[in-house]
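Asker: Dropping the structure in here first, questions after.
Numbering (full-length UniProt numbering), first residue to last: 1 to 1125.
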């Protein structure tokens, strides 16, 4: 038994058994309501995992105060927040997914709604707050079936989230102009008692007509005659029966008053009032909550003594079941139970089921037990309906019992309902006690809509129409019944079809090849539509398509076809036509579908559906699915196969290595046994000719991992490590050492086997939070170690542990990013971003040699790239105000910068010559998942930023993953790894293409300038395939007047040649050369047609050259080109 469970006993003269009364601890309740796609008066924000949960209090200005976070408190005051509360009250610190701590998500409600632009600005303000992990808008989910809900006027209706979850509000709407529900459908509740004097529970009890002597519909002196007028054995049982009476010390003295005078300690005697309120609380009465049954009448039996304040034991409860059934209750709720079950009890259930047609709905139990192994009664009797509890997200509640014996699930956490008026009137409780009446009320509402239906029909219908939740509960598949109850489905599938859009295909006019949408495309849109099984046939179906994007239009937006039978999926011949502007960015957009059917019938159907369409350059195999990424990424050919791998650590503490096709490298992932944020160091640490992966988790466990995923070294230092490590040679051997600092004021230098290099570790003056840079500052062939300590010092230490002359140097404020180094006029310079909105330039002797003053706090690590070709790198970073900044080393703002955005950044910029013009582009991803690529003049390149709508807090990397001559930008996100195929022929220049410049993470610009990974020097080849020119080409390219491209190749010797064009799926488009050729340079032209002469679609194409030389050897080479029409 877990804390909060109340135990009841069922007593008789012969035996006493324990019955668990299924009520865990009380909780507060949340809910959200609204219309359109997103709420305009609220948003969600998530704290970082190491930020304390918020302490929230109301203030005197009708607002809220955050007591333990001054910065956030200032923010919520600025935007006039009136409410802040946890979004998921059942989540705790163990509920972490994709790096998001669900228990640290808060919903903030503002005093007045904002428009879209204002709400976007508010969201960005929260994103820039350093304690905030991410933000989201509060979306309104829609089902396939656009049935507007009935919204009653009960003031607490918005706290009854469970009503929307089971579709009861939409079911009420099915009554049309009539009042929902049916007062002649009777429901029984057997429980502790019922506060019928509660303002929200008056006039909901069923009046026994046999005791209403004068049949005036009310109880008067005439009726209070002390006579059993209806002969059922209960005198004056006008509104149910109290089977035990008031005094447990005096023994059972039944009476006709089902109301306990008070709630008891811990509101134990309010249990029945809470359960009953879920089902029958007066609806549309401008008071309190709404009962799910809307207006059914309640037969209540009281099984607890009035003065059993501490336990609320139940007595004679099966007698209560029988009473309710004989009084005419067609549904009886039992929110209690125990492990013992007798033959007599089973016979009672069978009797009321078979002879009285009652449906007995029971709580399954709160012990997290498997009821197949440890039965719980009455829920597990064959003729009972056993109900398990689920959360808002349809996950099994942590306390709920389960098993194949379970029939159905229902919401059972944070259930807001009535309690005794003298104990507060309303409260949120959780338990299968709460799930059971939600299921019971669904049976009642279904019976009200189909009053002539049989018991078995009702049971089959509710069970068959439940929403399957096995995918959300893979550990309990088949053990939570047929699913989570959905009373709307139970009613509506006899009236309407249920149409959903199940597939989309985009094709160019005159072409049947499916393509990915790109800017400038005109596309045929063919959809697949399904009508759910067991729903009505859809006739005269009409679908209208529209988009959320101003760059997407529909010259033909209507698709029509005759009918879709239940359980059938069709893809009609009729198609829509969609045009994407060439000004569209690489970002997702929404397509909305308005579906209608049976418009000439008795029950016309209308529904809305939506889907997200990506305009993207994702590399095949990406994004990867699974866990979020917690570290900057590295790119390296780990296994020596000529292909690059992407290395990082996810939020499950697994080190991954993905190939260019998105598949995991053999031997990976590897568990690094703890939360890890350090950028992986990837280098050959043991001189075996292959790179290894070096990592430290935040608990200080040091790992060296081989290319095949074997752990070569594991050393537990028991030190908190927050900053990066670097690899550099600090002694006279050929192997690099690993350098890093700890939060406990130590500086470490480790060998590859985990042993310490003398004289390290060294005690330093304060914590080393931001890692180290390493560079040979004095030219002696050994690296010096540069690092910031939390006591506002910049340090430089020789490999022998001594200070470099002039160091440590006191800083004007604390350093807030890793230091980086570069050479200027032959001398090393150290750059330190400080918390006073400046970047200090420090020379190798500890002198301040200059400042950069961006005017706002530096929010990202620094990046270095030579933008102007003077051999001295510029300094690139993002600031707190959302600006991308570039400064020269002399402290001057670079022409064209800053570039202002509406984004917040934490990732560092990386650089590469993406388009082959000899100058590196700036590549930077925002927290909200937008990828910016900027030229050296500050211009954002066409169709960017690309938008991914996932959180991207860490630094990516750039490389030619697939060896096709163009570059891919790889990015870590909360949803996995993205690889963006840029599509232009890259230049040979690469500088600072990954976090801190290189995979050794030295932070030294001189070590970051390399060639592009994956490019083979042409001189070593027997033949050469050149990049086509122009590229891109086509009517929408810069060479629109010449929509033909030229492909050149060179042969070192005569050979048989085959040159062919393929689409992105590898399908042959056209052979453009197939013959013997002499040595030398040759060229062919391609005009964008296939082998049949038809124009092909816009997109990425490959051209592949195969040669067969006179000695019989065969070789091939492939490149990529982009056709824009």
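The beta-carbon is built from N, C-alpha and C at its ideal position, and this holds for glycine as well. This structure is a prediction, so every number in the text was calculated from the model and none was measured.
Between which two residues does the alpha helix (DSSP H) harbouring residue 71 extend?
Answerer: Residue 71 -> alpha helix (DSSP H) spans 70-78.
Asker: Tell me residue 240's beta-bridge partners as DSSP assigns them.
Answerer: According to DSSP, which records beta bridges pairwise, residue 240 is partnered with nothing at all.
Asker: For residue 564, which option in 533, 197, 213 and 609 has the closest C-alpha, if you only look at C-alpha atoms?
Answerer: Nearest C-alpha to residue 564: 533.
Asker: Quick check on residue 535: does DSSP put it in helix, strand or coil?
Answerer: Residue 535 falls in the coil class under three-state DSSP.
Asker: For the alpha helix (DSSP H) containing residue 592, list its first residue and its last residue.
Answerer: It is not in any alpha helix (DSSP H) - residue 592 instead sits in the beta strand (DSSP E) that spans 589-597.
Asker: Would you tell me roughly how many angstroms separate the C-alpha atoms of residue 706 and residue 911, rounded to the nearest one?
Answerer: Those two C-alpha atoms are separated by around 28 Å.
Asker: For the candidate residues 697, 674 and 667, whose alpha-carbon lies nearest to that of residue 681?
Answerer: Out of 697, 674 and 667, 697 has the C-alpha closest to the C-alpha of residue 681.
Asker: If you count every other CB in all the chains shown that lies within 10 Å of the CB of residue 719, and 16 or more means buried, which is it?
Answerer: Flag for residue 719 reads buried.
Asker: Check the C-beta distance from residue 299 over to residue 186 and give it rounded, since I have them as a contact under 8 Å.
Answerer: Contact flag correct, Cβ pair sits at about 6 Å.
Asker: Helix or strand or just coil, what does DSSP make of residue 1001?
Answerer: DSSP places residue 1001 in coil when its eight states are reduced to three.
Asker: With DSSP run on the structure shown, which of helix, strand or coil describes residue 412?
Answerer: Residue state, collapsed to three classes: coil.
Asker: Can you give me the start and stop residues for the beta strand (DSSP E) that residue 824 sits inside?
Answerer: Note, residue 824: beta strand (DSSP E), 820-824.
Asker: Decide yes or no for the touch test of the segment 461-477 against the segment 363-383: beta carbon pairs closer than 8 Å, at least 3 of them.
Answerer: No, they do not touch.
Asker: Just how far apart, CA to CA, sit residue 1082 and residue 1023?
Answerer: Computed Cα separation, rounded: 11 Å.
Asker: How big is the Cα-Cα spacing for residue 876 and residue 157?
Answerer: Near 52 Å, if we compare the C-alpha coordinates of residue 157 and residue 876.
Asker: Pop quiz: residue 1154 and residue 291 are said to be a contact at Cβ under 8 Å. What is the actual Cβ separation, rounded to whole angstroms?
Answerer: Missing from the structure shown is residue 1154; the chain here goes from 1 to 1125 and no further.
Asker: Rounded to whole angstroms, what is the Cα-Cα separation between residue 650 and residue 108?
Answerer: Roughly 29 Å between the two C-alpha positions.
Asker: In three-state terms, what does DSSP make of residue 213?
Answerer: Residue 213: coil per DSSP, three-state reduction.
Asker: State the beta-bridge partners of residue 715 as determined by DSSP.
Answerer: Note: residue 715 sits in a beta bridge opposite 702.
Asker: For a minimum of 3 consecutive residues, which ranges assigned as the beta strand (DSSP E) are wholly contained in the segment 749-797?
Answerer: With a minimum length of 3 residues, the continuous beta strand (DSSP E) runs that stay inside the segment 749-797 are 772-775, 784-789 and 793-797.
Asker: Short check: CB of residue 742 to CB of residue 774, under 8 Å?
Answerer: Not a contact, by the Cβ cut-off of 8 Å.
Asker: Distance check for residue 898 and residue 886, CA to CA, integer angstroms please.
Answerer: Approximately 7 Å between the Cα atoms of the pair.
Asker: How many angstroms separate the CA atom of residue 462 from the CA atom of residue 361?
Answerer: Near 12 Å, if we compare the C-alpha coordinates of residue 361 and residue 462.
Asker: Pairing CB atoms from the segment 379-399 with CB atoms from the segment 513-522, are three or more of them under 8 Å?
Answerer: The segment 379-399 is not in contact with the segment 513-522.
Asker: If you pair each beta-carbon of the segment 427-439 with each one of the segment 383-396, do three or more pairs fall below 8 Å?
Answerer: The segment 427-439 is in contact with the segment 383-396.
Asker: Starting from residue 86, follow its DSSP beta bridges and name the residues at the other end.
Answerer: Partner(s): 106.
Asker: Among 1108, 1086, 1070 and 1111, which has the Cα closest to the Cα of residue 1092?
Answerer: Ranking 1108, 1086, 1070 and 1111 by Cα distance to residue 1092 puts 1070 first.
Asker: Under 7 Å: does the beta carbon of residue 336 sit that close to some heavy atom of the ligand ATP?
Answerer: Among the components of this structure there are no ligands whatsoever, and the ligand ATP is therefore not found.
Asker: So, is residue 714 buried or exposed, given that buried needs 16 or more other C-beta atoms within 10 angstroms?
Answerer: Residue 714 is exposed by the Cβ-count criterion.
Asker: CA-CA distance, residue 330 and residue 305?
Answerer: Looking at the two C-alpha atoms, the distance is approximately 26 Å.
Asker: Just the C-alpha distance for residue 1104 and residue 1059, rounded to the nearest angstrom, thanks.
Answerer: Answer to the nearest angstrom: the Cα atoms are 6 Å apart.
Asker: For residue 889, report the span of its alpha helix (DSSP H) as first-last.
Answerer: From DSSP, residue 889 is part of no alpha helix (DSSP H); its letter is neither H nor E.
Asker: Counting along the chain, where does the alpha helix (DSSP H) carrying residue 457 start and finish?
Answerer: 455-464 is the extent of the alpha helix (DSSP H) around residue 457.
Asker: In chain order, what residues of the same chain lie with their CB nearer than 6 Å to the CB of residue 55, ignoring the 5 residues before and after it?
Answerer: Within the same chain, residue 55 has close Cβ partners 67 and 68.
Asker: Can you check which of these residues, 323, 850, 321 and 303, is closest to residue 314 by C-alpha distance?
Answerer: With distances taken between Cα atoms, residue 314 lies closest to 303.
Asker: So the beta strand (DSSP E) residue 657 belongs to, where does it begin and stop?
Answerer: From DSSP, the beta strand (DSSP E) with residue 657 extends over 654-658.
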